[in-house]
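First the structure, in the form of structure tokens, and then the observations on it.
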Amino acid sequence: MSAPITEPGTVAGTEPGADPASPLPRAAGLALDLTGRTALVTGAAGGIGRACALRLAAAGARVRAVDRAAEGLETLAEAARGLPGGLDARLLDLTDLDAAEAAAAGTDILVNNAGIQLVRPIEEFPPDVFHTVLTVMLEAPFRLIRGALPHMYGQGWGRIVNLSSVHGLRASAFKSAYVAAKHGLEGLSKTAALEGAPHGVTSNCVNPGYVRTPLVEKQIADQAAAHGIPEERVLAEVLLKDSALKRLIEPEEVAEAVLYLCSPQASFITGTSLTLDGGWTAH
265 MSAPITEPGT VAGTEPGADP ASPLPRAAGL ALDLTGRTAL VTGAAGGIGR
315 ACALRLAAAG ARVRAVDRAA EGLETLAEAA RGLPGGLDAR LLDLTDLDAA
365 EAAAAGTDIL VNNAGIQLVR PIEEFPPDVF HTVLTVMLEA PFRLIRGALP
415 HMYGQGWGRI VNLSSVHGLR ASAFKSAYVA AKHGLEGLSK TAALEGAPHG
465 VTSNCVNPGY VRTPLVEKQI ADQAAAHGIP EERVLAEVLL KDSALKRLIE
515 PEEVAEAVLY LCSPQASFIT GTSLTLDGGW TAH
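Under the numbering used here, think of the first position of the sequence shown as 265, with each following residue one higher.
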């Protein structure tokens, strides 16, 4: 599960196996006032989406937090109570593409985060799951961007942040649908950046390595089965094999990067990918 947010924008955690009395350096939250802005975050009920929704609300944005997990949205709404911007939790299944596009209307900031994962060899990968992954992780972001752009163009300002992955830049075995969707998202983000530039709209990807989320924790069992090794060996030998930093990144760290791309200091950053991969792509 993700680490608790003790203060808006702080990062807490320890190296796996480290002395709990020796925490990682705590990062002060980026100072940014988003009062008056409306943000939409998909996949907001947990993990990175939850951290992004809370961070944007803490910065003053009114957040539309969408997910298909009702219980997670209820927990998120309770956690957001009292934050400056406020949060509106909305049930939404992103396979309903028309509803997804409609939900994005009138938003100033769009964070495409929702994702699903299945680890299987290509010859065993269910075609219907492949289709669903691309629908949720590529076609739905397209429809959400399509729904958000008229308002952004009309006011001459907008921020699109697409939660990609190191797998948007590199491939891994047994993840054909996820890798294909993330590579497609990279191209969609760049195209939105080129089209949005004359209208004051930026579009970027954030590319974390493995994040401490329920999605990643579920992968440990799947990867153990796929590679034929015990679960306790998966983290070091599979998930973090190519990472120079041997720890999972915390969702709150990713949320700070998302917030930065919404800041005035990032106004010239568009059409690019901000990697938070612990040195994975340095190879």
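A virtual CB, placed ideally from N, CA and C, is assigned to each residue, including glycine.
Point to revise | Sequence-distant residues of its chain with Cβ nearer than 6 Å to G548 (five each side left out) | key: Only positions 265 to 547 of the chain appear in the structure, and residue 548 is not among them; the question remains open.
Review point. Does DSSP put I493 in a helix, a strand or coil?
Key: coil
Point to revise | Close Cβ partners of I513 (< 8 Å) along its chain, the five nearest in sequence each way excluded | key: P472, G473, Y474, V475, R476, L540, G542
Point to revise | Beta-carbon separation (whole angstroms), L433 vs T545, contact threshold 8 Å | key: 6 Å
Exercise for review: My understanding is that N377 touches G451, with C-beta atoms under 8 Å, so please give their C-beta distance in whole angstroms.
Suggested key: The pair is not a contact, with the Cβ atoms about 18 Å apart (cut-off 8 Å).
**Study point:** Where G464 falls: helix, strand or coil (DSSP)
**Key:** coil
Practice item. Would you mind working out which of K446, T466, I373 sits nearest T536, comparing C-alpha positions? Key: T466
Check your understanding: Based on Cα-Cα distance, which residue from R497, Q487, I493, G370 lies nearest to R423?
Key -> Answer by Cα proximity: G370.
Practice item. For the stretch 431-489, list the beta strand (DSSP E) runs that are entirely contained and at least 3 residues long, ordered along the chain. Key: 465-472
Exercise for review: Report, in whole angstroms, the separation of the C-beta atoms of L351 and P405, which I expect to be a contact under 8 Å.
Suggested key: Contact doesn't hold; Cβ gap of about 21 Å is too wide.
Point to revise | Limits of the unbroken alpha helix (DSSP H) element including A368 | key: Where A368 is concerned, there is no enclosing alpha helix (DSSP H), given that its DSSP letter is neither H nor E.
Review point. Taking one C-beta from the stretch 386-404 and one from the stretch 347-364 each time, how about it: are there three or more such pairs within less than 8 Å?
Key: With the rule of 3 Cβ pairs closer than 8 Å, the stretch 386-404 counts as touching the stretch 347-364.
Point to revise | Own chain partners of W421 with C-beta closer than 8 Å, once the 5 adjacent residues on each side are dropped | key: D372, G464, V465
Review point. Can you give the Cα-Cα distance for A238 and N468, rounded to whole angstroms?
Key: Residue 238 falls outside the range modelled here, since the chain spans only 265 to 547, and no answer is possible.
**Study point:** Per-residue DSSP class, three states only, for A308
**Key:** coil
Practice item. Provide the residue span of the alpha helix (DSSP H) that contains R301, from first to last. Key: Here R301 belongs to no alpha helix (DSSP H), and DSSP marks it neither H nor E.
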